[in-house]
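Q: In full-length UniProt numbering, the protein residues as written are 1 to 618.
Glycine included, every Cβ here is placed at the ideal spot set by N, Cα and C.
Mind looking over this structure? Questions follow.
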């Protein structure tokens with residue numbers, strides 16, 4: 001690559017130098033913050049030699065480069081030297097205006113991704129129990145069965161408690177207060193009032209006697225309201241009284257509002273959504289299978305599939321089955337089949353290996369490696385996967401296939417399909433996989449379209465794994481939204497956490513490799529052993545210090561372990577200059593993960609887990 005020529009072409013086609021607010025790079029991508037995305041010529045950028053693709057994530061305009069990203073980034077910065085100081089912070093970036101639909105989808109994803117292991121595990125156990133009873137290997141009246149049944153049903157019956165904790169983390173409310181509020185909905189005294197069948201009132205206001213067991217939407221609305229009420233009271237309450245009176249007043253205000261209005265509204269809304277799904281299946285049948293089964297992978301790419309998750313859980317909890325979940329299975333098997341077709345058709349040994357491994361993971365229910373690493377890259381296999389999903393979905397809807405528990409949508413979740421329609425479920429999965437594989441072999445693809453980054457065995461864009469990131473300093477945790485810098489606060493560079501430090505020694509939060517250390521030593525990037533790209537930024541606007549007060553103990557390329565010293569900084573001097581000393585930890589490839597959530601709130605010790613990275617799941 002001729003870095004200077006490529007840099008010049010990128011600058012010209014991204015809208016010119018005046019359109020670039022900031023630039024930095026991760027392990028494979030140039031990450032631009034632009035003033036106007038419309039001025040960037042996406043198609044022309046993708047044609048530049050060395051640019052593998054373009055991805056827009058929030059306010060970031062990303063060019064996928066691969067192994068040459070660091071020298072190319074330097075070449076651009078050499079031509080635009082004024083961007084060097086703007087690279088880590090970009091304080092003058094335009095404030096991000098979030099699309100309401102995107103915000104809702106992101107919120108649902110962040111709430112449900114962490115709890116999927118619990119409900120998937122319980123769902124598989126529920127399916128296994130159904131299989132054992134169907135085979136007469138276990139009696140449904142047996143005490144052992146009843147105990148196992150309670151284990152499998154517990155998380156669904158007390159779903160509001162689980163969701164309250166997860167939603168509390170996502171919405172920024174105290175998760176323990178959220179659980180306390182949800183627990184009130186199950187209190188025996190309240191349940192006794194509901195069961196009595198007599199009118200119930202709270203200081204003259206009527207309370208609807210509805211059951212919140214297994215419900216989903218009421219608690220999401222309630223915790224969302226709780227987050228605003230908590231913040232409002234917290235701003236008004238004097239410091240010494242916060243610990244006692246913020247949770248007290250929050251519970252006393254939000255819980256009655258939930259019982260009087262939010263709860264009944266959420267139950268009605270949940271039943272309406274479930275009724276809509278049931279109507280669609282009953283009246284559209286095969287057409288619903290074709291449309292949804294053939295487009296579900298597109299919904300997964302945008303995150304829209306999370307809208308259906310609470311509806312499916314509500315159906316399984318209320319009806320004992322869901323008629324729509326099978327379409328997730330056939331869509332995933334379509335992706336697996338298309339990748340398998342690439343394995344059969346390809347003549348490139350590395351491509352065959354990658355296609356076979358990703359086909360296997362997709363068949364188990366983890367589609368991202370196959371979808372992004374093979375099918376979308378080759379284009380035609382992705383279309384074949386959609387057609388396979390449509391065919392499998394049409395058959396499943398025609399035969400009335402039902403899912404009786406919530407589990408991963410793949411072969412690992414087969415026990416959730418055990419029931420009267422189990423045989424037809426297996427046939428629909430076979431159709432989806434077979435059609436996608438056969439079409440891929442027949443239609444073919446251009447093997448040269450696989451970027452060098454993937455063919456050389458580099459990590460796939462969404463092949464992320466669960467990981468914990470540890471606190472690089474001790475201090476007080478706070479969300480990024482409370483930072484004064486709008487770029488960090490709006491998560492333009494990715495999700496993460498900020499810590500108000502109590503010491504001036506920065507330690508490594510991961511096991512991995514040092515990717516870069518900025519000249520001013522106030523920021524660095526790391527690549528963890530499992531693929532997390534971590535940006536650590538010490539203080540707000542500390543780039544203006546020119547490195548004064550910062551001492552680096554590492555260099556790019558160094559291998560580091562958790563707890564290893566990285567940078568020392570003069571915390572007292574920063575405070576004397578009235579600089580915000582927040583140590584900001586950001587996962588710059590956040591889009592690779594199903595969710596990124598703080599492990600705790602409040603005080604945190606050095607080397608204590610602060611962020612949980614959850615791999616994508618469907």
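Compare the beta carbon distance of residue 260 and residue 205 with 7 Å and say whether it is the shorter of the two.
A: Contact flag set, yes.
Q: Look at the alpha carbon of residue 267 and the alpha carbon of residue 415, and state the distance between them as a whole number of angstroms.
A: When rounded, the distance between both Cα atoms is 29 Å.
Q: Assess contact between the region 494–511 and the region 584–591, defined as three or more Cβ pairs (one per stretch) separated by less than 8 Å. Is contact present?
A: Taking 8 Å as the limit for Cβ pairs, the verdict is that the region 584–591 does touch the region 494–511.
Q: What is the DSSP secondary structure of residue 363, counted as helix, strand or coil?
A: Three-state DSSP puts residue 363 in a helix.
Q: If you drop the 5 nearest sequence neighbours on each side, which residues of the same chain put their C-beta closer than 6 Å to that of residue 322?
A: Hits under 6 Å: 312, 315, 316 and 403.
Q: Does the Cβ-Cβ distance between residue 334 and residue 432 come in under 7 Å?
A: Yes, they are a contact pair.
Q: Closer than 6 Å to a non-hydrogen atom of the ligand ATP - does that hold for the CB of residue 260?
A: Looking at this structure, you won't find the ligand ATP or any other ligand, since it has none at all.
Q: Contact defined as beta carbons within less than 8 Å: I believe residue 15 pairs with residue 36. What is the distance between those atoms, to the nearest angstrom?
A: Residue 15 to residue 36, Cβ: 6 Å. Contact.
Q: For residue 55, which residues does DSSP report across the bridge?
A: Note: residue 55 sits in a beta bridge opposite 62.
Q: Can you tell me whether residue 578 is buried or exposed, with buried defined as 16 or more other CB within 10 angstroms of its CB?
A: Residue 578 comes out exposed.
Q: What is the C-beta distance between residue 444 and residue 380, in whole angstroms, given that I count them as a contact (C-beta under 8 Å)?
A: Indeed they touch by this definition, with Cβ atoms about 7 Å apart.
Q: By how many angstroms is the C-alpha of residue 300 removed from the C-alpha of residue 555?
A: Taking the straight line from one Cα to the other gives about 39 Å.
Q: Straight-line CA distance for residue 358 to residue 374?
A: Those two C-alpha atoms are separated by around 8 Å.
Q: Run through the UniProt domain "PTS EIIA type-1" (485–589) for me and flag every whole alpha helix (DSSP H) of 4 or more residues, listed as ranges in chain order.
A: As far as the UniProt domain "PTS EIIA type-1" (485–589) is concerned, its whole alpha helix (DSSP H) runs of at least 4 residues are 486–489 and 571–576.
Q: Looking at the structure shown, is residue 169 part of a helix, part of a strand, or coil, going by DSSP?
A: Residue state, collapsed to three classes: helix.
Q: Please tell me whether residue 480 and residue 488 are closer than 7 Å, where the distance is taken between their beta carbons.
A: It is a contact, given that the beta carbons lie within the stated cut-off.
Q: Given this structure, state the Cα-to-Cα distance separating residue 609 from residue 8, to the nearest angstrom.
A: One C-alpha to the other measures close to 43 Å.
Q: Enumerated in chain order, which unbroken segments of the beta strand (DSSP E) with a length of 3 residues or greater are wholly contained in the region 313–391?
A: You should have found no qualifying run.
Q: Between the alpha carbons of residue 144 and residue 219, how many angstroms are there, rounded?
A: The straight-line gap from Cα to Cα measures roughly 32 Å.
Q: Check for me: the alpha helix (DSSP H) holding residue 192 runs from which residue to which?
A: Residues 188–196.
Q: Give a yes or no on whether the C-beta atoms belonging to residue 393 and residue 330 are separated by under 7 Å.
A: For residue 393 and residue 330, yes; Cβs fall inside 7 Å.
Q: Taking the beta carbon of residue 631 as the centre, do at least 16 other beta carbons fall within 10 Å, making it buried, or is it exposed?
A: The question about residue 631 has no answer here: the residues shown for the chain are numbered 1 through 618.
Q: Determine the DSSP secondary structure at residue 599, reduced to helix, strand or coil.
A: Residue state, collapsed to three classes: coil.
Q: Which same chain residues end up closer than 6 Å to residue 41 when comparing Cβ atoms and leaving out the 5 residues on each side of it in sequence?
A: So the qualifying residues of the chain are 13.
Q: Can residue 65 and residue 72 be called in contact, C-beta distance under 7 Å?
A: Yes, the pair counts as a contact, with Cβ atoms nearer than the cut-off.
Q: Between residue 77 and residue 30, which are expected to be in contact by the criterion C-beta below 8 Å, what is the C-beta distance as a whole number of angstroms?
A: With 8 Å as the limit, residue 77 and residue 30 do not qualify as a contact, their Cβ atoms being about 10 Å apart.
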